[in-house]
Each structure stands twice: as C-alpha cells, then as structure tokens.
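Under the UniProt record's numbering, residues 1 to 658 are what the sequence shown spells out, in order.
C-beta: ideal position from N, C-alpha, C; glycine also.
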Amino acid sequence: MARWTLPALLVAGQLIYWPGWLLLDGRPVATGRAIGVTVLCLFIGAALGWRRERPVPVLAAVFTACCAAILVAPAEPQWGDPYDAVLVIGIAEVIALFSVAVHCTLRVALWSLAAVAVLDGVATAAETVAAADRVNPGEVAVYVALSLAGSGLIIALGRRRARWNGERAEAARRLAAAQRAGLEAADTERRRLARELHDVTAHHLTSIVVNSSAAEMLGEQRPELRAEALDFAARTGRETLAALRQLVAIMPFGGQRDDTPSLADLAGGFRELGQRITLELPDGDPPPERAEAVYGIVREALTNTLRYAPGGEVLVRYTPAELLVEDHGGTGTTAGLGGGRGLAGMRERAESIGGACEAGPVSGGGWRVMAVFPEAGAARTAYPRRIDRTSLDAAAVALMLLAPVVGVVIALEEGMTPVQTVLVLLANLVHAVPLLWRRRAAWWVLGAVALTGALGPLLTVTGQVRPGLFYVFLFGGAADLAAVHAVASWGARPRLSALSIPAAAVPAALWLALTIVIVSPDDESGVLMNATLGVLMALLFTVVLSVLMVGPWAVGHAARRRRDRRWVREEGGVAQELEQAAFRALLERHRIAAGLQEAVLRHAAEVPGAAERGDLTGVLAAAREALTAMRSLLDGLGTRAPSEAEPARPEVSSSRSE
C-alpha cells in the first residue's frame with residue numbers, strides 16, 4: 001500500500017492543481033493539453049510505483065515524462081509563472097532522484113546527479129535561445145549550479161536515509177541473533193561444556209587405558225612395563241583429577257581454561273606414549289584466536305591414533321590455511337574406547353573459527369583428519385559496502401561551495417576580476433573545509449569556521465576585493481549554519497550545544513559590522529559615532545544571525561535525541577536478550593557441574609589410588625569406568641546427532657573418535 005500512496009497523492013494533487021481547479025472555476029482549458037497532461041501524470045505515477053526495485057529506469061522515465069508534460073502543458077502563466085501548470089508533478093523528479101540515492105550505490109547516485117545537471121543546463125540553454133536567440137552562459141551556469149546544489153542536497157538526504165535503513169536492518173539482525181542466542185543458549189553451553197569435559201578427560205584416561213592394557217598383556221615378557229604403567233597412571237590420574245576438579249570449580253562461573261600449550265608440547269606428550277610424530281609448522285604456531293580450536297582438533301586426532309594406531313607414524317602439519325593429521329596405521333588397536341563424539345567435536349571447533357573439518361581413511365591404510373581455515377582478513381560482510389562517512393562529508397562540503405560559486409557568477413557580471421575570483425573562492429574553500437571533521441570535533445570545527453569567516457572582511461578591507469562585491473562572501477554562510485548543526489548533533493557536552501548559536505553568530509556579526517564601518521565610514525560623523533554605529537550594527541546582526549541559526553541547531557538537537565533514543569531501544573533489547581541467554585547458560589553449567597561431580601569424579605579419583613596400591617587391574621578398571629561414566633554424561637547432554645556420525649575406520653568396528 002505504501003508503494004502507491006505517494007504517487008497517488010502526487011498525481012491527484014497535480015490534476016487538482018491543473019486542470020481541475022480551472023475547470024471547477026469555470027475557466028476554459030484546452031482539451032488536448034488537459035488530456036495529454038493527465039496521461040503523462042498517470043504514467044509518472046505508475047513509474048514511481050517501481051522506484052524501489054528499478055530506481056534508475058524510473059528516474060529516466062520520470063524525467064522524460066516531466067519534460068514531455070512541460071511541452072504539452074500551456075506555456076503561458078496559469079498562476080504567475082511560465083510553465084507553472086505542471087508545477088506539482090515536477091516533484092516526481094525529486095522523489096525519483098531520492099529513490100536512486102537510497103536504493104543505489106553512491107557511484108550511481110553521482111552519475112544521476114551529473115545527468116540531471118546536464119539536462120537542466122541543456123533546458124536552460126534552450127530557453128535562453130528561445131527568448132533571446134542566443135545562449136546566455138552566465139544564466140546557464142547559475143541554473144546548473146543551482147541544479148547541482150538542489151540535486152546534491154537530495155542525494156545527500158537519500159544517502160543518509162540509505163545509511164539509516166542499513167543501521168536499522170543491522171540492529172534488527174543483532175536483535176534477532178541475540179534472540180536466537182537466548183533460545184539456543186542452553187544447547188550451545190551444553191555442547192561447549194561437553195567439549196571441555198572431553199578435552200579434560202579423554203586424552204588422559206585413554207592414555208592410562210592404553211598403557212595399562214599393554215603392561216598387562218606384556219607383563220610376563222617385560223616386567224618393567226608394569227612399574228612404568230603404574231607410575232604413569234598415578235601421575236596422569238592425579239593430573240586428570242586436578243583438571244576435573246578445576247573444571248567443576250570454574251564451570252558454574254562460566255570460566256574457561258587459558259593454559260593451552262603449544263603444538264610442540266602436545267606432540268612431545270604423545271611421543272612419550274610411543275607415537276612417532278612428525279610436526280611441521282612452516283608458519284609457526286596458530287595465532288591466539290585459533291590456538292584453542294587447532295589444539296583441540298590435533299589433540300583429538302592424536303588421541304585417536306593412540307587408540308587405533310598405537311606406535312604408528314603420524315604427521316601433523318599446520319599452516320594458516322589448513323591443518324593435517326595423518327597416520328599410516330599402527331601395531332594394533334584398543335577397542336571399546338570410542339564414544340562417537342570426536343569428529344563432531346572437531347567439526348564444531350573448526351566451524352567456530354570459520355573453517356571446516358573432515359576425517360576418513362587413507363588409501364593403503366591409515367587415517368586422515370583435515371581442517372581448512374579461512375585466510376586471515378578474508379572475511380567479507382554479506383551486506384553491501386557502505387560508503388564511508390568521510391566521502392559523504394567531502395561531498396557535503398563540495399555542495400556547500402556551490403552557493404559561493406553562484407555568488408561569484410553574479411559578481412562576474414558586475415566586473416569581478418579573475419584574481420578577485422580566485423581569492424574569493426579560496427576564502428570560501430578555507431571557510432568550509434573544517435566541516436570535514438564536524439562529526440569528530442564539532443566544537444573545534446565551529447571555532448575554525450568562526451575564525452575563517454574573517455577572511456572575507458579582511459580581503460575587502462585590504463582592497464583585494466571591491467567593497468561593492470562584499471556580498472559574495474555572504475553566500476558562504478551555509479558553512480556557519482552547518483557548524484552549528486554539527487555541534488548540536490555530534491558535539492561533546494550536549495547540554496551546552498545551545499551555546500554554539502552565539503558562538504557562531506557573534507563573530508560573524510562582528511566581522512560584518514566592522515567591514516561596513518571600515519569600508520563605508522560616515523565622513524561627517526566622528527570616530528566615536530562610527531564606533532557606536534558599528535556596535536549597534538553588531539548587536540542587530542547578532543540577533544538576526546542567532547534567529548537564523550536556531551533552525552539548524554534545533555534540527556541537529558532533535559537528530560541527536562532521536563539517535564540516542566533509538567540506540568537505547570535497540571541496544572537495550574539486545575542487552576536484555578543476551579542477559580537471558582547468559583542466565584540460561586548459567587543454569588546449564590550448574591546442572592552439568594552437579595552431574596560431573598557425581599558421575600565422573602568418583603571413578604577418576606580411584607585411578608591414582610589403585611596405582612599407588614600397585615593394583616594395575618584396578619587402574620585399568622577405574623579408568624574404563626571413568627570413561628564409561630563420562631560417555632554416559634555426554635550421552636545425557638545430547639551432544640551427538642545421528643547425522644554427525646563419522647565414517648568408521650575399515651579395520652575396526654567402532655567409530656574413530658572420543
């Protein structure tokens with residue numbers, strides 16, 4: 001409905017304005033012209049209905065139809081000016097250009113601006129030829145400058161609207177993401193804690209089982225293995241118990257372990273267990289943001305080699321683009337240790353840093369785990385790139401310089417020399433350039449604009465510009481208005497922003513009054529009288545300029561208040577959803593910590609006790625019971641979906657994971 005509301009109102013307004021009002025008033029209207037204008041208005045209204053989907057074709061169609069409407073409508077004044085019969089429908093050009101700025105890139109918008117300026121210049125030249133049989137360059141330049149200024153303002157407002165739309169869409173996405181996080185908080189925390197529990201227990205307990213099993217089987221041939229296995233079980237069991245207790249202690253508070261060792265340390269630990277590991281790190285260890293995920297994947301893969309390929313050769317290679325862990329089979333397997341969660345955990349770790357992980361058998365025997373990662377800095381947003389604010393600020397400053405250009409064009413017809421023209425343009429440029437920093441240092445920009453406002457009076461007083469041309473500097477007053485608006489909208493200490501009005505008005509009034517008194521003194525009056533006159537003029541100009549500056553200040557102040565309220569509303573909603581997500585995660589941590597305390601810790605505590613008693617069978621039984629308890633706890637957490645089952649290694653029936 002909103003798509004057609006504005007076009008319908010515009011067409012209805014034009015037809016009521018002309019020819020409807022004249023017909024109601026009983027005045028004659030040419031039937032052919034009325035029909036032609038009506039048809040063109042309906043066409044323009046229909047075209048505007050597609051302004052969001054096809055803004056550039058709509059702009060071309062609307063401009064063409066508006067030009068045709070000017071030709072079809074009566075040229076004589078209907079209400080006071082020539083061609084004013086189609087004045088209302090001309091607003092369609094503004095709407096179409098605004099739509100281009102909102103829905104297209106800045107490049108397209110600027111090309112559209114240039115096209116509009118060229119068309120206006122051609123139309124103005126044609127009018128001057130029709131009126132005086134020759135082209136008036138000054139008049140054409142003025143109209144082109146005015147067209148650029150007006151159309152540029154429309155483009156700037158459209159780009160601002162586009163940025164506003166993008167910010168609102170981004171805020172809605174953040175809120176939706178926070179709501180999803182709230183709904184999924186418990187599941188996400190459950191999966192994270194399951195990985196944490198897996199990391200703490202699986203490697204240590206599996207190592208104890210493998211070592212104890214080997215010592216039990218080979219005890220008669222190599223009695224020394226029994227003592228080594230008991231010593232390893234006692235030491236590793238205590239480490240496992242300490243790690244589990246630490247996890248239970250920090251879990252309710254959401255803490256995470258930050259003691260991730262290097263890959264070299266990890267490989268060294270597995271070498272002590274008999275694995276022949278080749279570690280290749282051509283670019284060094286992974287960066288901190290990847291270290292935990294990469295370490296977890298490598299540890300899980302090496303733990304699997306210890307179960308399914310003990311004593312085998314294993315290659316571990318890490319580069320910023322990929323991670324490879326590959327073995328070529330070993331001397332045997334230790335069955336019954338896998339729980340089917342390893343690959344799912346490795347995939348989750350890889351996905352957490354934007355990568356992917358797969359595992360499978362290698363031709364000729366063995367197993368390969370490969371993870372690929374995005375290149376650093378390769379991430380790209382899924383949304384169109386926003387033009388940075390600096391470019392928009394530069395365009396705004398350029399538009400503000402168009403007003404002084406209009407003044408210069410007028411002054412050229414009054415005899416302004418080229419040197420004076422250059423000086424005037426440079427003075428206005430210096431006056432407007434500080435506005436580039438108006439968002440970051442609004443008060444400083446206001447001071448710079450106020451000080452550079454003295455350049456015009458200085459050039460006039462020193463005779464560089466004729467006193468009769470002093471008015472050209474008044475066209476640069478837009479910079480002062482923009483500086484006041486900037487303080488109200490972005491300046492520090494918002495409560496004091498109203499002081500920007502006198503801060504800008506007083507210097508400008510003083511420069512203006514001093515220039516008038518110095519350039520055009522009253523010779524019949526004394527110095528005291530001229531000074532008094534200057535003070536009175538300064539006071540009068542201060543009042544007038546202050547009244548003019550209230551408008552920009554009010555607009556900027558209102559914009560700041562809207563922006564602040566919107567920020568509170570949007571960010572407050574996100575913060576509330578995140579708080580609820582944190583609360584759900586906290587409840588889940590408490591629940592899992594309680595289960596861990598009851599299920600796993602009791603069995604894990606029996607491992608070092610049995611080792612200290614010299615009971616190798618008890619060590620093996622306690623380690624297996626701890627693994628079973630951990631597996632039961634993980635099953636209760638529901639961390640494994642049927643679709644995530646990894647392919648089985650050909651020589652064993654169980655999945656290669658844990």
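Does at least one heavy atom of the ligand SAH sit under 8 Å from the Cβ of residue i?
i      : result
Ala585 : You won't find the ligand SAH in this model; it holds no ligand whatsoever.
On a CA-only basis, which of the options is nearest residue i? Give me that one, please.
i      : options                           : result
Asp84  : Glu358, Tyr17 and Thr64           : Tyr17
Gly262 : Gly296, Pro457 and Leu451         : The identity of residue 262 in the sequence shown is Ser, whereas the question assumes Gly. Minimum Cα distance to Ser262 is reached at Gly296.
Gly121 : Tyr143, Ala432 and Val135         : Tyr143
Arg347 : Ala234, Leu587, Ala293 and Gly329 : Ala293
Leu536 : Ile516, Pro552 and Glu322         : Ile516
Val397 : Glu413, Asn428, Ala123 and Ala411 : Asn428
Ala450 : Ile518, Leu545, Ala492 and Met370 : Leu545
Arg52  : Gln78, Ala96 and Gln14            : Ala96
Glu577 : Ala350, Val405 and Ala181         : Ala181
Ala242 : Val116, Val316, Leu197 and Phe473 : Leu197
Gly551 : Ala483, Leu540 and Val108         : Ala483
Ser213 : Ala621, Met630, Arg631 and Asp635 : Ala621
Leu540 : Leu528, Val555, Leu512 and Met529 : Leu512
Ala488 : Ala454, Asp480 and Val555         : Val555
Ala505 : Arg495, Ala172 and Ala479         : Ala479
Glu184 : Ala585, Arg613 and Glu93          : Ala585
Ala442 : Leu587, Val129, Val135 and Trp553 : Trp553
Phe63  : Ala117, Pro74 and Val140          : Ala117
Glu93  : Ile70, Gly80 and Pro82            : Ile70
Thr5   : Asp133, Gly49 and Arg160          : Gly49
Tell me whether residue i is buried or exposed, calling it buried when 16 or more other Cβ atoms sit within 10 Å of its Cβ.
i      : result
Pro287 : exposed
Pro7   : buried
Phe583 : exposed
Tyr471 : exposed
Val72  : buried
Arg562 : exposed
Arg385 : The predicted position of Arg385 is uncertain, since its pLDDT is 43 and thus under 50; no value can be drawn from it.
Gly463 : exposed
Leu205 : buried
Ser520 : exposed
Ala371 : buried
Leu15  : buried
Met529 : exposed
Gly355 : buried
Ser207 : buried
Ser363 : exposed
With a Cβ-Cβ cutoff of 9 Å, do residue i and residue j count as a contact?
i      : j      : result
Leu40  : Val29  : no
Gln275 : Leu324 : no
Leu469 : Met416 : yes
Ala101 : Ala61  : no
Gly345 : His328 : no
Ile353 : Val314 : no
Leu279 : Ala291 : no
Leu402 : Ala149 : yes
Pro502 : Thr452 : no
Gly491 : Leu446 : yes
Arg631 : Glu189 : no
Taking the straight line between their C-alpha atoms, what separation do you get for residue i and residue j?
i           : j      : result
Arg3        : Glu358 : 49 Å
Arg174      : Val574 : 7 Å
Phe270      : Val209 : 14 Å
Arg566      : Glu170 : 13 Å
Ala34       : Leu113 : 31 Å
Cys66       : Ile44  : 8 Å
residue 662 : Pro457 : Residue 662 cannot be examined here, being either before or after the span of the chain that is shown, 1 to 658.
Ala448      : Val430 : 9 Å
Leu435      : Asp393 : 8 Å
Arg299      : Ala178 : 32 Å
Leu244      : Ala581 : 25 Å
Arg107      : Ile155 : 11 Å
residue 690 : Ala227 : Outside the displayed span of the chain (1 to 658) sits residue 690, for which this structure offers no information.
Pro608      : Gly237 : 5 Å
Arg222      : Asp231 : 15 Å
Val405      : Thr421 : 10 Å
His557      : His485 : 8 Å
Thr303      : Leu627 : 14 Å
Val652      : Arg192 : Interpretation of Val652 is limited by its pLDDT of 39, a score under 50 that renders its predicted location unreliable; the figure taken from the coordinates is listed afterwards. About 29 Å.
Glu351      : Gln246 : 27 Å
Quiz item: Can you give, in chain order, each stretch of the alpha helix (DSSP H) that sits fully within the stretch 78–118 and has at least 4 residues?
Solution: 91–103
Quiz item: Can you give, in chain order, each stretch of the beta strand (DSSP E) that sits fully within the stretch 410–458 and has at least 3 residues?
Solution: none
Quiz item: Taking the runs of the beta strand (DSSP E) that are 3 residues or longer, which of them lie wholly in the stretch 564–609?
Solution: none
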